[in-house]
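Notes to accompany the following structure.
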Amino acid sequence: MGDGPASVEPRRATSVEEILALYARWGTERYDEEVSQASHALQAAACARADGAVDELVVAALLHDVGHLLVMDAAGRGDVDPTVDTGHEATGARYLAGLFPAAVTGPIALHVQAKRYRCTVDPSEVGRLSAGSQASLARQGGPLSPDEAERFARHPAAADALRLRTWDDTGKDLAAAPGSLHDQRDLLVRVARRSPG
Numbered sequence: 161m162g163d164g165p166a167s168v169e170p171r172r173a174t175s176v177e178e179i180l181a182l183y184a185r186w187g188t189e190r191y192d193e194e195v196s197q198a199s200h201a202l203q204a205a206a207c208a209r210a211d212g213a214v215d216e217l218v219v220a221a222l223l224h225d226v227g228h229l230l231v232m233d234a235a236g237r238g239d240v241d242p243t244v245d246t247g248h249e250a251t252g253a254r255y256l257a258g259l260f261p262a263a264v265t266g267p268i269a270l271h272v273q274a275k276r277y278r279c280t281v282d283p284s285e286v287g288r289l290s291a292g293s294q295a296s297l298a299r300q301g302g303p304l305s306p307d308e309a310e311r312f313a314r315h316p317a318a319a320d321a322l323r324l325r326t327w328d329d330t331g332k333d334l335a336a337a338p339g340s341l342h343d344q345r346d347l348l349v350r351v352a353r354r355s356p357g
């Protein structure tokens with residue numbers, strides 16, 4: 161295990177190929193779950209698609225944990241310390257903002273807050289989280305305070321972040337064979353082209 165998370169220099173994705181290459185390098189690694197990063201990403205996206213989500217939300221589900229891969233990439237190793245909160249949601253959203261619209265990056269930036277919010281409004285939610293999500297909840301600050309929960313609920317991306325959270329929590333089946341990230345290339349290119357930036 162490493163000494164802690166690598167410092168992730170602010171950077172923005174410049175192409176879909178760059179993102180796919182990041183997953184090719186680090187997608188077989190795990191963070192605080194037993195499922196690999198790539199399998200988790202593909203399972204979450206499949207859940208979003210099955211739920212009738214628009215393309216932007218399918219992409220958000222697919223790439224919501226890209227910040228973990230950025231930390232691995234900066235460290236040059238997959239065994240980054242899972243006991244340290246790296247702020248992967250903010251790092252990933254900033255990185256993806258180089259290519260994708262706020263309809264993708266907004267829910268990604270809020271998916272940790274969405275977990276904390278759910279555990280605030282329904283404390284029994286904690287027991288339904290995977291062991292990895294329970295551990296990360298503690299290091300991410302635990303349930304939100306009442307003021308934080310109120311601010312989250314008012315955020316324009318809150319409803320989409322809560323949907324993303326559901327797919328995130330569901331996409332952790334060790335027996336799943338969800339395909340390849342390269343199978344999602346056309347979707348990623350299509351949604352990236354819609355970005356106003």
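Per the working numbering, the very first residue in the sequence shown carries number 161; after that it's consecutive.
A virtual CB, placed ideally from N, CA and C, is assigned to each residue, including glycine.
Residue i classed as buried or exposed, judged by whether at least 16 other C-beta atoms fall within 10 angstroms
i      : result
GLU177 : exposed
GLU310 : exposed
SER199 : buried
HIS248 : buried
ALA317 : buried
VAL281 : exposed
ALA181 : exposed
GLY236 : exposed
Bounding residues of the alpha helix (DSSP H) (the contiguous stretch that carries residue i)
i      : result
VAL231 : 226-235
GLY252 : 248-256
LYS275 : 262-281
SER296 : 291-299
SER199 : 197-210
THR330 : 318-330
ARG345 : 345-353
Alpha carbon of residue i to alpha carbon of residue j, nearest angstrom
i      : j      : result
VAL272 : ALA213 : 19 Å
VAL219 : PRO261 : 11 Å
ALA336 : ARG314 : 36 Å
THR330 : ALA204 : 7 Å
LEU217 : ALA319 : 11 Å
THR174 : GLY301 : 32 Å
ARG338 : PRO303 : Sequence inspection shows Pro at residue 338; the Arg mentioned does not correspond to that position. Spanning the two alpha carbons is a distance of roughly 31 Å.
SER305 : GLU285 : 16 Å
ARG254 : ASP343 : 24 Å
ARG358 : ARG299 : Here the chain covers residues 161 to 357 and nothing more, so residue 358 does not appear.
PRO170 : ARG209 : 30 Å
ALA295 : ALA234 : 23 Å
CYS279 : SER196 : 25 Å
PHE312 : ALA250 : 15 Å
Contact check, residue i vs residue j, beta carbons under 8 Å
i      : j      : result
PRO283 : ALA321 : no
LEU289 : ARG276 : no
GLU189 : GLY252 : no
ALA274 : LEU324 : yes
LEU334 : ALA201 : no
LEU256 : VAL244 : no
VAL226 : MET232 : no
CYS207 : ALA184 : no
Integer Cβ distance of residue i from residue j, believed to fall under 8 Å
i      : j      : result
HIS224 : ASP328 : 6 Å
LEU259 : ALA352 : 5 Å
ARG350 : ASP211 : Actually they are not in contact, since the Cβ atoms of ARG350 and ASP211 sit about 19 Å apart, beyond 8 Å.
GLY292 : GLU193 : 4 Å
ILE179 : LEU348 : 7 Å
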